[in-house]
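If you want this note's numbering, it's the position in the sequence shown, counting the first as 1, plus 1.
Some notes on the structure that comes next.
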Amino acid sequence: MRQVNGDRQRRVQFWAKRLDEIASERRKLILQLEALDAQRKAAELEHNLLYNLDAPTSNFPNEVLSMIFETGAAQDLGENPTYVFGCIVSHVSHRWRSVALATPRLWTQIRLIGNPHDGSHYAPSMLPNDNDMPPPASSEKVCTYLSRSGVAPVDIHIKINYEDIADELLQTIADHIGHCRSLAVTGVRRVSLSKLLKIASQHRAPVLVSLSLCSFSSSFSDPLFPLGAPRLKNVALDRSNILALAPVCLPAFESVTQLRLSDLYFQNAEVYDSLRRMLIILHSLSYLELQFAGAITDSLQSLQLIELPTLQYLEVDCEGCPETLSHTMRIIRAPNLNCLSLVGFVDEHRPAWPLMLPDCHCPSLRHLMITEFATATFKDFDWLAKLYPNIEKLTFRLLGLEEGDGSEDLDWVLTAIVGPGPHERVRNGPGRGVRWPKLKSIAVSGLETTYHASDWQDNILKLKTAGVKKLSLPETFLASARYVAKMRGVAINFEEYREECLTPFARVV
């Protein structure tokens with residue numbers, strides 16, 4: 002029989018007792034730490050309350066603080082709507098949080114940007130690098146923001162890399178269409194878009210002002226917002242099936258004044274006729290942007306004209322298919338058109354100007370805008386002057402221009418308008434004098450700063466003689482051209498170029 006070592010047993014009992022004592026002491030320390038944590042929280046609470054009493058905003062009534070928050074939220078939206086202003090102010094103090102949560106207008110910007118399976122994007126973004134706040138998760142955070150918005154007008158933008166949207170989230174968004182001011186669905190699958198529109202169209206949209214849709218398909222065949230969208234003014238449609246859209250857009254589009262159609266492609270006369278029917282019912286349409294992905298393939302003789310008597314601004318982007326510009330200007334009748342913006346024709350492919358001359362009638366056109374003007378030639382200006390002889394203002398725009406850049410020199414621009422000076426070389430043919438006799442104003446967005454003073458003076462005098470009153474140039478050019486000061490006071494007003502005719506769709510990201 003094995004003998005038990007007594008000394009070893011006593012040592013085992015000793016250490017067992019010691020472990021119990023350590024565990025007991027540890028429990029006491031944990032209780033002490035918990036007590037200290039409770040004391041710390043109480044002390045912090047009283048400290049913060051006393052500290053906040055001396056804060057500059059401590060005596061502000063909640064109503065005033067709420068108004069300040071609303072002002073801050075409006076300014077934040079103008080700069081970057083990514084971080085919701087309400088999240089920032091609601092994590093400053095208990096009082097600020099209570100005021101923020103009770104201020105609906107702080108929670109009206111709803112952005113679903115990115116992958117729906119990535120919680121860091123699938124909701125309005127929160128404060129960066131804040132460990133005390135969990136990242137936005139699934140539809141819960143979206144529902145929270147919508148519930149906090151109360152009945153305040155909300156702006157909803159959905160762009161989730163053409164993934165599907167959960168049905169629960171679709172229903173939540175649709176339930177708030179009644180106080181939705183702006184709805185942009187530009188990055189979802191067609192099936193999700195159709196589901197959203199079908200559910201949303203079961204509600205009235207009394208405050209909806211702006212609607213932006215991408216990839217509208219034939220899977221949605223019911224009338225769009227049949228219960229009414231009386232305030233709908235701005236509509237942007239990208240890569241949409243015109244055949245499917247035209248029959249369902251009434252009565253929702255009846256009040257639309259500004260319309261953008263992107264990626265248009267007329268496969269046949271049926272598509273064109275659908276577009277025509279949709280446009281002519283817009284009796285208040287004043288602003289129209291057309292961006293073509295392909296040319297009109299059918300003969301113009303077989304197409305009915307599009308009569309747009311209320312249209313005042315028309316932009317035609319025909320990059321890659323310049324003949325579309327010729328077709329468009331021949332089939333659109335806009336007797337009250339005041340401003341025409343041309344985008345996308347290049348040296349290698351020119352519009353069919355001679356074909357446009359007999360059919361292009363815009364008697365009210367006074368403002369002509371040419372984008373990426375460096376690609377234009379003197380021949381283009383000759384035809385434009387014949388087509389639109391009553392122009393009073395010319396604007397030359399360069400897209401994506403960096404500060405201080407310029408791809409053309411001023412002598413070329415002015416020569417294209419008033420003819421060459423004695424020190425200038427004509428690149429594309431001889432000048433023929435002033436092409437627009439009624440011209441009063443010229444605006445140029447980007448220029449090179451190198452220029453011969455004698456040529457400058459010669460062209461300025463030509464402009465003065467021609468009756469031009471105002472010349473708008475880039476700030477960098479005006480600052481670096483010493484001879485500008487010498488020519489001030491010659492009956493031409495020099496001023497800094499500022500972008501005009503900003504698209505009403507600029508805030509759709």
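Beta carbons: idealized from backbone N, C-alpha and C, even for Gly.
- In the DSSP secondary-structure assignment, Gly-188 is bridged to Lys-160.
- Three or more beta-carbon pairs separated by less than 8 Å are not found between the stretch 141–149 and the stretch 199–216, which leaves the two stretches without contact.
- Put simply, the backbone Cα of Ile-243 is about 30 Å away from that of Gln-110.
- The alpha carbon of His-158 has as its nearest neighbour, out of Ile-178, Leu-32, Arg-278, the alpha carbon of Ile-178.
- Taking the Cα positions, Ala-467 is about 46 Å away from Gln-268.
- Between Ala-75 and Val-90, the gap from beta carbon to beta carbon reaches 8 Å or more.
- With at least 16 other beta carbons inside 10 angstroms of its own, Phe-397 counts as buried.
- Boundaries for Gln-203: no alpha helix (DSSP H) harbours it, and the DSSP string shows neither H nor E there.
- Contact check for Val-257 and Val-236: beta-carbon distance about 5 Å, within the 8 Å limit, so the pair qualifies.
- Ala-201 is positioned such that its CB atom lies no closer than 8 Å to that of Ala-230.
- Assigned with DSSP and collapsed to three states, Lys-394 falls in strand.
- Between Leu-225 and Leu-262 the beta-carbon gap is near 16 Å, outside 8 Å, which marks them as no contact.
- One thing to note: Leu-209 has its Cβ within 8 Å of the Cβ of Cys-181.
- For the set Lys-465, Thr-58, Cys-319, the Cα lying nearest the Cα of Gln-292 is the one of Cys-319.
- Distance between Val-186 and Cys-144, taken at the CA atoms: about 17 Å.
- Between the alpha carbons of Trp-384 and Ser-193 lies a distance of about 47 Å.
- The residues Ser-67, Phe-70, in chain order, have a CB closer than 6 Å to that of Thr-104 in the same chain once the five nearest residues on each side in sequence are set aside.
- Ile-111 sits in a strand when the DSSP states are folded into three classes.
- Within its own chain, the residues whose Cβ lies closer than 7 Å to the Cβ of Ser-365, once the five positions on either side in sequence are excluded, are Pro-336, Asn-337, Leu-338, Asn-339, listed in chain order.
- Counting other Cβ atoms within 10 Å of its Cβ, Trp-437 reaches 16 or more and is therefore classed as buried.
- Non-local C-beta neighbours of Val-249 in its own chain, meaning closer than 8 Å and more than five positions away in sequence, comprise Phe-221, Ser-222, Asp-223, Pro-224, Leu-225, ordered along the chain.
- With contacts defined as CB atoms closer than 8 Å, Leu-395 and Ile-443 qualify as a contacting pair.
- The Cβ neighbour count for Tyr-52, taken over all protein chains shown within 10 Å, is under 16; the residue is labelled exposed.
- For Gln-292, the enclosing beta strand (DSSP E) has its first and last residue at 288–293.
- Closest in C-alpha terms to Leu-228, from the list Leu-251, Ala-247, Arg-331, Ala-245, comes Leu-251.
- Residue environment for Ile-307: buried (at least 16 other C-beta atoms within 10 angstroms of its C-beta).
- Taking all protein chains shown into account, Arg-106 has 16 or more neighbouring C-beta atoms within 10 Å of its C-beta and is therefore buried.
- DSSP places Gln-305 in the coil class of the three-state scheme, outside both helix and strand.
- Bridge partners of Leu-265 according to DSSP: Phe-293.
- Here DSSP, grouped into helix, strand and coil, assigns Val-93 to coil.
- When only Cα atoms are considered, Tyr-288 and Gln-259 end up about 5 Å apart.
- Asp-55 and Asp-156 have their C-alpha atoms some 37 Å from each other.
- Inclusion of Ser-183 and Ser-211 in the CB contact set at 8 Å is warranted, their separation being smaller than that value.
- Contact annotation: Leu-286 and Thr-325 have beta-carbon atoms that are not nearer than 8 Å.
- DSSP places Thr-325 inside the alpha helix (DSSP H), whose first and last residues are 324–332.
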